[in-house]
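Visitor: Chains W and L, in that order, are what the protein sequence lines are. If you count by UniProt numbering, then the first sequence holds residues 1 to 193, one letter each, in order. If you count by UniProt numbering, then the second sequence holds residues 1 to 193, one letter each, in order. My questions all concern the structure below.
Protein chains: 2
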Amino acid sequence: MHKNLLTYINQYSNLPLTSEEEALIEATFQPKKLRKKQYFLQEGDVCKHVGFIVKGAMRQYSVDDKGVEHIVHLYIENYWAGDRESSIMLTPSKYNIDAWEDTEMLIITRAEMMDLMEKIPALVKMIRLMDERNAIANQRRLSSTISNTAEKRYEEFAENHPQFIQRFPQHIIASFLGITKETLSRIRKQAMK
Amino acid sequence: MHKNLLTYINQYSNLPLTSEEEALIEATFQPKKLRKKQYFLQEGDVCKHVGFIVKGAMRQYSVDDKGVEHIVHLYIENYWAGDRESSIMLTPSKYNIDAWEDTEMLIITRAEMMDLMEKIPALVKMIRLMDERNAIANQRRLSSTISNTAEKRYEEFAENHPQFIQRFPQHIIASFLGITKETLSRIRKQAMK
DNA sequence: TAGAACCGTTGACATTTGTCAACGGTTTTT
DNA sequence: AAAAACCGTTGACAAATGTCAACGGTTCTA
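This is the structure in structure tokens:
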């Protein structure tokens, strides 16, 4: 079960993990299984864990006054799920995170992660790299959201993230793009010609 | 001139800088002055420096097919300007960064920064904290862009960033929010009642 | 296996936002 | 001092997107 995680870390850091380090990681990350629709985080709770997804699919979203869900993140295998703001500031989260498919995760608290980072240099390297890529991805998404029409945004997304198009239904993708399912349906119809 | 930077670092790291460290920082960060409208980075160039703004105001934007500018970042004193993606990946930037007011910066290359970080622990701490806050801010902005109407987005922005409202004209703020200057003008007119 | 929930689509219409052109007042430049 | 550039506003209209209701087909579930 932890194998995917170890592989993931090794890919990121190019300093191969020693077997002691591997053992430490396996001892610290706790397996957690979620059935479809189960919550990993609920609005109002403080986000105590971040989770590495070994198998499955999840989504993170807020719910507005009218009860409409606004999806801010989609996750599949090899993604990390969690609300960083809540987890760092120890404030109640504005988001929900739940399983879209049955999901297996490996979870860890912030304190445990800090501790591991002191003992395992490869982890520090991985975190920094992840942060960088994350920052770049966020910048791109923001830029696209501000500058492009809904149509172009969908095209770009479908091009760059075909895995998500396959795993999640259209109304979820629409919400993730910040448009309604009807609009997305019409955009796709147009584009088909 | 470097004083603001040293203060800034000390605020972030709570490990006070030694005078050797301060000297090293002063020797590495190069002063750079920009007159209003001068470029710090031009689309197509690789972003070689990141700059700490000691005094002034800047903006980062892309230009679309029709020649319309889309502003993705605004900077004032104590902000860092640069295109992280270009700088890390060494790819040509999609953005321009220029001075909106006459500006004084302290600039440093990525390699120099890496080097400093090995010698000055406080810097590592600062960078990690900055990254965290940055990630949180980006998340919030993204969430707001996806979930809120233009009107609410403007309200939130005006509430949380009054300094920017004062420093930049309305059409710049509008572009930053992803709407046209006419729409912003009308939103403000409405809100006045 | 029957009912419920889910999903994508469509039509009719409302709302939001963009586009284009023009204006007057300011500030900057020459 | 004159000209140019900049800035915010407004009106008329166009385009994009949202809202609501309904439908048929699928998948899930009791």
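Even for Gly, the Cβ is constructed at its ideal location relative to N, Cα and C.
Taking Cβ-Cβ distances shorter than 8 angstroms, what residues in chain L pair up with leucine 145 (chain W)?
Guide: According to the sequence shown, residue 145 (chain W) is threonine rather than leucine. Those are Leu142, Thr145, Ile146 and Gly178, listed as they occur along chain L.
Visitor: If we ignore side chains and look at the alpha-carbon of each, how far apart do glutamate 185 (chain L) and serine 175 (chain L) end up?
Guide: Rather than glutamate, the amino acid found at residue 185 (chain L) in this sequence is serine. Taking the straight line from one Cα to the other gives about 12 angstroms.
Visitor: Between the C-alpha atoms of aspartate 98 (chain W) and asparagine 78 (chain W), what's the straight-line distance to the nearest angstrom?
Guide: 16 angstroms
Visitor: When burial is assigned at 16 or more other CB atoms within 10 Å of the CB, is tyrosine 105 (chain L) buried or exposed?
Guide: It is worth fixing the name first, because residue 105 (chain L) is methionine in this sequence and not tyrosine. Buried.
Visitor: Going along chain L in order, which residues have a C-beta closer than 8 angstroms to the C-beta of glutamine 139 (chain W)?
Guide: Val72, Arg84, Glu85 and Asn138
Visitor: Report yes if the CB atom of isoleucine 76 (chain W) is closer than 9 angstroms to the CB atom of glycine 56 (chain W), and no otherwise.
Guide: yes
Visitor: Take alanine 81 (chain W) as the anchor and find which of W:Ile53, W:Ile25, W:Met126 and W:Asp65 has the nearest alpha-carbon.
Guide: W:Ile53
Visitor: Let me check understanding here. Comparing Cα to Cα, which of W:Arg84, W:Gln163, W:Met89 and W:Tyr95 lies closest to glycine 67 (chain W)?
Guide: Checked all of W:Arg84, W:Gln163, W:Met89 and W:Tyr95; the closest Cα to glycine 67 (chain W) is W:Tyr95.
Visitor: Cα-Cα, which of W:Asp65, W:Thr149, W:Lys3 and W:Arg128 is closest to glycine 178 (chain W)?
Guide: W:Thr149
Visitor: Whose Cβ in chain L lies nearer than 8 angstroms to the Cβ of residue 214 (chain W)?
Guide: In the structure as shown, chain W begins at 1 and stops at 193. Residue 214 (chain W) is therefore absent and cannot be evaluated.
Visitor: Taking buried to mean at least 16 other C-beta atoms within 10 Å of its own C-beta, is glutamine 60 (chain W) buried or exposed?
Guide: buried
Visitor: Based on the DSSP secondary-structure assignment, which residues constitute the bridge partners of aspartate 98 (chain L)?
Guide: In DSSP, aspartate 98 (chain L) forms a bridge with L:Tyr39 and L:Arg59.
Visitor: Quick check: the Cα distance between residue 217 (chain W) and isoleucine 108 (chain W), rounded to an integer number of angstroms?
Guide: Here chain W has residues from 1 to 193 only, and residue 217 (chain W) is not among them.
Visitor: Taking the C-alpha atoms as reference points, what is the distance between threonine 18 (chain L) and phenylalanine 40 (chain W)?
Guide: 45 angstroms
Visitor: For chain W, is any of its Cβ atoms less than 9 angstroms away from the one on lysine 181 (chain L)?
Guide: no
Visitor: Evaluate threonine 7 (chain L) with the Cβ neighbour count: other Cβ atoms within 10 Å of its Cβ, from every protein chain shown; 16 or more gives buried, anything less gives exposed.
Guide: exposed
Visitor: Candidates L:Phe164, L:Leu129, L:Met114 and L:Arg188: which alpha carbon is nearest isoleucine 25 (chain L)'s?
Guide: L:Met114
Visitor: Mind checking the UniProt domain "Cyclic nucleotide-binding" (32-119) of chain L against chain W and listing, in chain order, the residues whose C-beta falls within less than 7 angstroms of any C-beta there?
Guide: Ser62, Asp64, His70, Val72, Arg84, Glu85 and Ile88
Visitor: By Cβ distance, which residues of its chain are closer than 8 angstroms to serine 62 (chain W), with the 5 residues on each side in sequence left out?
Guide: Glu43, Glu69, His70, Val72, Lys94, Tyr95 and Asn96
Visitor: What three-state label does DSSP hand glutamate 77 (chain W) in the structure shown?
Guide: coil
Visitor: Quick check on alanine 174 (chain W) - is its C-beta less than 9 angstroms from some C-beta in chain L?
Guide: no
Visitor: Flag alanine 158 (chain W) as yes if its beta-carbon sits less than 9 angstroms from any beta-carbon of chain L, otherwise no.
Guide: Not an interface residue.
Visitor: Beta-carbon of alanine 135 (chain W) versus every beta-carbon of chain L: anything under 9 angstroms?
Guide: Under the 9 angstroms criterion on CB atoms, alanine 135 (chain W) is classed as interfacial with respect to chain L.
Visitor: From which residue to which residue does the beta strand (DSSP E) around isoleucine 107 (chain W) run?
Guide: 103-109
Visitor: Buried or exposed: alanine 122 (chain L), going by 16 or more other Cβ atoms within 10 Å of its Cβ?
Guide: buried
Visitor: When the Cα atoms are used, what is the spatial distance from isoleucine 136 (chain W) to histidine 171 (chain L)?
Guide: 26 angstroms
Visitor: Under the DSSP definition of a beta bridge, which residues are partnered with glycine 51 (chain W)?
Guide: According to DSSP, glycine 51 (chain W) shares a beta bridge with W:Ala81 and W:Ile107.
Visitor: Based on Cα-Cα distance, which residue from L:Phe164, L:Arg110, L:Ile9 and L:His49 lies nearest to leucine 74 (chain L)?
Guide: Leucine 74 (chain L) has its Cα closest to that of L:Phe164, out of L:Phe164, L:Arg110, L:Ile9 and L:His49.
Visitor: Apart from the five residues on each side of it in sequence, which residues of its chain come closer than 8 angstroms, Cβ to Cβ, to threonine 183 (chain W)?
Guide: Ala150 and Ala174
Visitor: Let's test the definition: count the other Cβ atoms within 10 Å of the Cβ of threonine 91 (chain W) and tell me whether it reaches 16, buried, or not, exposed.
Guide: Counting the other Cβ atoms within 10 Å of the Cβ of threonine 91 (chain W) gives fewer than 16, which makes it exposed.
Visitor: Return the first residue and the last residue of the beta strand (DSSP E) that proline 31 (chain L) is part of.
Guide: 30-34
Visitor: Using the three-state DSSP reduction, which class does valine 46 (chain W) fall into: helix, strand or coil?
Guide: coil
Visitor: Have a look at the DSSP bridge pairing and note the partners of glutamate 69 (chain W).
Guide: In the DSSP output, where bridge partners are listed per residue, glutamate 69 (chain W) has W:Val63.
Visitor: Based on the DSSP secondary-structure assignment, which residues constitute the bridge partners of proline 92 (chain L)?
Guide: L:Val46
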